[in-house]
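In terms of UniProt numbering, the sequence shown opens at residue 1 and continues consecutively. Notes to accompany the following structure.
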Amino acid sequence: MKKRLDLRISTTFRSLKYYNFRLYFIGQSISLIGTWMQRVTVPWVVYRLTGSSLLLGVSGFASQLPTFLFAPFAGTVVDRVNRYKLLFITQSIAMAQALALYSLYVTHHISVPLIIFLNTILGTVNAFDMPARQSLLVYLVEGKEDLNNAIALNSSMVNLARLVGPSIAGIIISTKGEATCFLINAISYLFVIVCLILMKLNLPEPKRTSQHIIEDLKEGISYIRQNSTLSHVIVLLAIVSLIGMPYTVLLPVYA
């Protein structure tokens with residue numbers, strides 16, 4: 001029985017045997033917890049400053065609109081640049097954004113317009129950061145037979161951070177204040193950056209093409225239309241994002 005259990009555990013976490021993926025997993029696990037802490041904290045600060053559910057929605061909209069606008073083009077951009085360098089840049093900007101929130105808060109210069117501005121910056125960064133992370137994952141696992149396991153572990157880590165981050169944020173907001181959450185998030189990005197520096201990657205050269213980005217986008221849309229399974233998944237995700245996700249933004253109204 002014990003041998004069978006050990007076998008299952010080793011099978012479940014087998015992709016962690018790869019050095020680069022192990023670094024990625026550790027860095028992202030810490031960083032995503034910090035990210036979700038900030039996602040809970042920002043709406044709380046906005047509502048505490050204004051008491052307005054409308055401005056709460058505007059703040060959330062500001063963080064999502066750039067992602068909505070730029071995400072369709074981000075994938076083609078990622079194919080044309082060095083994913084590793086792009087991820088390093090996006091993580092550094094995200095850390096600077098968290099530090100800006102912390103600095104504004106502790107110096108009592110925090111305001112809703114500044115929060116909306118910083119949310120817009122983060123939303124733009126996320127539009128390119130997410131496809132960069134997802135596409136880099138393929139090169140972190142040397143054995144392609146373990147790629148599905150790496151993707152599954154990555155998804156589990158993302159969902160676990162979504163549970164743990166807000167829980168920790170609630171405790172810290174009530175005991176230490178909102179500024180501490182911003183600072184923790186900024187520090188958490190350091191783990192990703194350090195892990196990226198420690199990686200030993202052999203990435204292929206970025207895609208060299210004279211084809212316009214719009215043409216690449218059209219090809220992607222055409223492929224999605226032809227693949228009914230992929231189309232259904234995207235529609236389902238869109239519905240969940242539209243109906244289910246806003247609860248995190250409006251949570252302070254009902255807290």
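Glycine residues also receive a C-beta, built at the ideal position from the N, C-alpha and C atoms. All values reported here derive from a predicted model rather than from experimental measurement.
Segment limits, alpha helix (DSSP H) that includes residue i
i           : result
Leu137      : Leu137 -> no alpha helix (DSSP H), and no H or E assigned at all.
residue 296 : Limits of the chain in this structure are 1 at one end and 255 at the other, which puts residue 296 out of reach.
Lys85       : Arg83 to Val106
Asp146      : Here Asp146 belongs to no alpha helix (DSSP H), and DSSP marks it neither H nor E.
Tyr19       : Tyr19 to Thr50
Gly60       : Ser53 to Arg80
Cβ-based burial, residue i [other Cβ within 10 Å; buried from 16]
i      : result
Phe128 : buried
Pro43  : buried
Gln226 : exposed
Pro66  : buried
Leu40  : What sits at residue 40 in the sequence shown is Val, not Leu. The residue is buried, with at least 16 neighbouring Cβ atoms inside 10 Å.
Ala238 : exposed
Leu7   : Annotation note: pLDDT 45 at Leu7 (below 50); position unreliable, no value reported.
Val240 : exposed
Phe13  : exposed
Val78  : buried
Gly27  : buried
Thr124 : buried
Distance CB(residue i)-CB(residue j) smaller than 8 Å
i           : j      : result
Pro131      : Gly220 : no
Tyr105      : Glu178 : yes
residue 266 : Ile115 : Absent from the model: residue 266. The displayed extent of the chain is 1 to 255, so no value can be given.
Ala94       : Leu122 : yes
Tyr84       : Leu196 : yes
Asn159      : Thr35  : no
8 Å Cβ cutoff, residue i in contact with chain B
i     : result
Trp44 : The structure shown contains no chain B, having only a single protein chain.
Cα-Cα separation, residue i to residue j
i      : j      : result
Leu201 : Glu145 : 19 Å
Arg80  : Leu153 : 27 Å
Leu23  : Leu32  : 14 Å
Leu230 : Val194 : 35 Å
Ser29  : Ala96  : 19 Å
Leu49  : Thr120 : 19 Å
Glu205 : Phe25  : 24 Å
Lys218 : Ile234 : 16 Å
Met1   : Val192 : At Met1 the pLDDT is 47, less than 50, meaning the model places this residue with poor confidence; the figure from the coordinates comes in the next sentence. Taking the straight line joining both Cα atoms gives about 38 Å.
Met37  : Asn148 : 28 Å
Glu215 : Gln134 : 22 Å
Gly170 : Ser228 : 41 Å
Gly57  : Leu190 : 30 Å
Distance cut-off 7 Å: residue i Cβ against heavy atoms of the ligand NAP
i      : result
Ala150 : The ligand NAP is not part of the structure shown, which contains no ligands of any sort.
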